[in-house]
Amino acid sequence: MKKLAVVGTTALLLAASLGVWFQANGMLMPEKVHTLDDMARARTWLNLARWLGMALFAVGTGLTAAVWRKERGRIFRTISVLPLLGLLAAVFVTRGTVVEMMMFSPVKEARFVPAADASFLQPDDLVIGVGIGNEAKAYPVRMLAYHHIVNDRLAGEAYVATY
Amino acid sequence: MLCHTGLVWSSVVDGRLLTFELVGVNNQNFVMRDQQTGTWWQQVTGEALVGPLQGKRLEPVVFDEVSLQIWQGENPGSLVFEPIPGHADDYMDEDWDDGMNYPVPAGITPDGEWEPRRLIVGIEAGEISKAYPMDVLQAQTPVTDQVGDVPVLIAVAGDGRSVRAFDRRVNDLMLEMYAKPDVSPPVFIDAQTGSEWNFAGVATSGELAGAELQRVVPLKDYWFDWKNYHPDTFVYLGGQ
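Residue numbers (our numbering), protein chains in the order written: chain X, 756 to 918; chain Y, 702 to 941.
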């Protein structure tokens, strides 16, 4: 009974962490209309979910370790680890947001070709062009509309191209 | 993307270099988070909404939204952002914005018959802002108008999508501009001196040859979004 309580508690903690996270995410979805307060609340809750997730993972690890030491039965040992795996996944997931996962494909390092070699584009394709000094870079709109954000620099100036 | 807004912002705020990522969507426009401070930034305004840098604004970087052909013609040495391996098939189709049907923010009541998602070109001059429907610009290009104290020239190239805007004052002249028919990229002729101007805003012949018009950065945006951030905006009704 005690063992079940321990496992159950860990599972509940997991649910709590994810619950806060989902709540926060609800405010960041495209179909929702927001106020500045919504944004502030969403940010607070996301931070809370992240810290809660990590704290709960620590607690869960302790609880599971205790069960593991006392329990020799292989099946129960296996079951006792499941909530912990769930918590680990929660820690990972709550680092980001649903929108981030759905819509964001980050560009770790943007690579470029001379315009004359840009065979992946049609002449009429729109680009966002940046010219600084004698240097110029172009970001095709169709690609930028997918990645949304490219952190880059040109002629020593750092900027972010967005769409 | 949900608002059709391409923008370039400086990544340096108070001497600190920030790296941005996407965190959410606020009123149909995405919100960025910087990795360094965790502050949330609205893409279309560059304003820090919440977090340690709340209230700060990103500095705009002058940019252009034109066809590759026009850009390359003017910047032959330009580099082009290359598809990320594995994503070439993910990129948006030409008509990606046709499917945009998310609800628009409450409280946005479009004036008259303007549909919330009518594509407009927004121009700011000081505190004054004005919205020009893209379809009207396409039909009437080039449009000469006034935004606040600034007499502007707004032109769309033959591709129907490359848009540029200029301050049409040169020396002490306020130029009236006309387009040469059926030329793309457009060529303009001013009524005052008969000089020819290219799409980069440089006079290529005539009395004013070598003169350059100052750029005004136009923002392509959906009407509801522009109205949201420019509640007092003027609207261009020419041709209606």
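Idealized CB from N, CA, C, for every residue including glycine. Bear in mind the structure is a predicted one, so any value in this text is a computation, not a measurement.
Exposure of residue i, with buried meaning 16 or more beta-carbon neighbours within 10 Å
{"i": "Asp882(Y)", "result": "The residue asked about is misnamed: residue 882(Y) is Pro in this sequence, not Asp. Looking at its Cβ environment, which holds fewer than 16 other Cβ atoms inside 10 Å, Pro882(Y) is exposed."}
{"i": "Met733(Y)", "result": "buried"}
{"i": "Arg827(X)", "result": "exposed"}
{"i": "His788(Y)", "result": "exposed"}
{"i": "Glu760(Y)", "result": "exposed"}
{"i": "Met875(Y)", "result": "exposed"}
{"i": "Tyr894(X)", "result": "buried"}
{"i": "Ile824(Y)", "result": "buried"}
{"i": "Gln915(Y)", "result": "exposed"}
{"i": "Met835(Y)", "result": "buried"}
{"i": "Trp741(Y)", "result": "buried"}
{"i": "Lys857(X)", "result": "First, the amino acid is wrong: residue 857(X) is Met here, not Lys. It is exposed - the Cβ of Met857(X) has fewer than 16 other Cβ atoms within 10 Å."}
{"i": "Thr833(X)", "result": "exposed"}
{"i": "Pro932(Y)", "result": "exposed"}
{"i": "Val844(Y)", "result": "buried"}
{"i": "Leu876(X)", "result": "buried"}
{"i": "Ile883(X)", "result": "buried"}
{"i": "Leu759(X)", "result": "exposed"}
{"i": "Gly911(X)", "result": "exposed"}
{"i": "Val884(Y)", "result": "exposed"}
Neighbourhood of residue i by C-beta, 7 Å cutoff - its chain only, sequence neighbours within 5 removed
{"i": "Thr894(Y)", "result": "Gly907, Glu908 and Leu909"}
{"i": "Leu909(X)", "result": "Val885, Ile887, Glu890 and Lys892"}
{"i": "Glu722(Y)", "result": "Met733, Arg734 and Gln736"}
{"i": "Gln947(Y)", "result": "For residue 947(Y) there is no data in the structure shown, the boundaries of chain Y being 702 and 941."}
{"i": "Arg796(X)", "result": "Met782"}
{"i": "His705(Y)", "result": "Asp798, Leu820, Lys921, Asp922 and Tyr923"}
{"i": "Leu803(X)", "result": "Val775"}
{"i": "Ile779(X)", "result": "Just to set this straight, residue 779(X) is Ala in the shown sequence, not Ile. Cβ neighbours of Ala779(X) beyond the five flanking positions: Ala797, Trp800, Leu801 and Ala804."}
{"i": "Asp793(X)", "result": "Met782"}
{"i": "Gly756(Y)", "result": "Ala749"}
Residue i versus residue j - alpha carbon distance
{"i": "Thr852(X)", "j": "Ala844(X)", "result": "14 Å"}
{"i": "Gly1023(Y)", "j": "Thr746(Y)", "result": "What the structure shows of chain Y is the stretch from 702 to 941, and residue 1023(Y) is not part of that stretch, so it cannot be assessed."}
{"i": "Gly859(Y)", "j": "Phe935(Y)", "result": "26 Å"}
{"i": "Pro861(X)", "j": "Thr917(X)", "result": "12 Å"}
{"i": "Ala868(Y)", "j": "Ala856(Y)", "result": "The sequence given here has Asp at residue 868(Y), not Ala. Near 12 Å, if we compare the C-alpha coordinates of Ala856(Y) and Asp868(Y)."}
{"i": "Ile771(Y)", "j": "Leu750(Y)", "result": "36 Å"}
{"i": "Gln729(Y)", "j": "Pro784(Y)", "result": "26 Å"}
{"i": "Ser772(X)", "j": "Pro786(Y)", "result": "35 Å"}
{"i": "Gly939(Y)", "j": "Val864(Y)", "result": "17 Å"}
{"i": "Leu754(Y)", "j": "Ser830(Y)", "result": "26 Å"}
{"i": "Pro886(Y)", "j": "Asn899(Y)", "result": "8 Å"}
{"i": "Ser768(Y)", "j": "Ala871(X)", "result": "14 Å"}
{"i": "Lys928(Y)", "j": "Leu920(Y)", "result": "13 Å"}
{"i": "Val871(Y)", "j": "Val853(Y)", "result": "12 Å"}
{"i": "Asp715(Y)", "j": "Ala904(Y)", "result": "38 Å"}
{"i": "Gly919(X)", "j": "His789(X)", "result": "With chain X covering 756 to 918 only, the question about residue 919(X) has no answer from this structure."}
{"i": "Asp879(X)", "j": "Val905(X)", "result": "22 Å"}
{"i": "Gln744(Y)", "j": "Trp815(Y)", "result": "24 Å"}
{"i": "Asp790(Y)", "j": "Leu767(X)", "result": "41 Å"}
{"i": "Phe812(X)", "j": "Arg717(Y)", "result": "34 Å"}
{"i": "Ala820(X)", "j": "Val854(X)", "result": "35 Å"}
Integer-rounded CB distance, given that residue j should sit under 8 Å from residue i
{"i": "Thr849(X)", "j": "Trp776(X)", "result": "5 Å"}
{"i": "Thr765(X)", "j": "Leu818(X)", "result": "5 Å"}
{"i": "Val726(Y)", "j": "Met784(X)", "result": "7 Å"}
{"i": "Val917(Y)", "j": "Ala866(Y)", "result": "4 Å"}
{"i": "Pro838(X)", "j": "Leu769(X)", "result": "6 Å"}
Sub-7 Å separation of residue i and residue j beta-carbons
{"i": "Glu712(Y)", "j": "Tyr914(X)", "result": "Checking the sequence, you will find Ser at residue 712(Y) rather than Glu. Yes, the Cβ-Cβ distance between Ser712(Y) and Tyr914(X) is below 7 Å."}
{"i": "Tyr833(Y)", "j": "Val822(Y)", "result": "yes"}
{"i": "Ser835(X)", "j": "Val822(X)", "result": "yes"}
{"i": "Asp907(X)", "j": "Ala865(X)", "result": "yes"}
{"i": "Glu766(Y)", "j": "Gly707(Y)", "result": "yes"}
{"i": "Gly815(X)", "j": "Leu791(X)", "result": "no"}
{"i": "Val868(X)", "j": "Val888(Y)", "result": "no"}
{"i": "Val709(Y)", "j": "Phe764(Y)", "result": "yes"}
{"i": "Phe925(Y)", "j": "Pro777(Y)", "result": "no"}
{"i": "Met793(Y)", "j": "Arg824(X)", "result": "no"}
{"i": "Ala901(Y)", "j": "Glu775(Y)", "result": "yes"}
The ligand GTP heavy atom lying under 6 Å from the CB of residue i
{"i": "Ala760(X)", "result": "Absence of the ligand GTP is noted for the structure shown, with no ligands found whatsoever."}
Same chain only: Cβ atoms within 8 Å of residue i, ignoring 5 sequence neighbours per side
{"i": "Thr720(Y)", "result": "Ser712, Asp735, Gln736 and Gln737"}
{"i": "Ala892(Y)", "result": "Leu876, Glu877, Met878 and Tyr879"}
{"i": "Arg758(Y)", "result": "Thr746, Gly747, Glu748 and Ala749"}
Same chain, Cβ closer than 6 Å to residue i, neighbours up to 5 away in sequence not counted
{"i": "His902(X)", "result": "Ser860 and Val862"}
{"i": "Val761(X)", "result": "Leu818 and Val822"}
{"i": "Gly739(Y)", "result": "Gly752"}
Interface partners of residue i on chain C, CB under 7 Å
{"i": "Pro784(Y)", "result": "Absent from the structure: chain C. Protein chains present are X and Y."}
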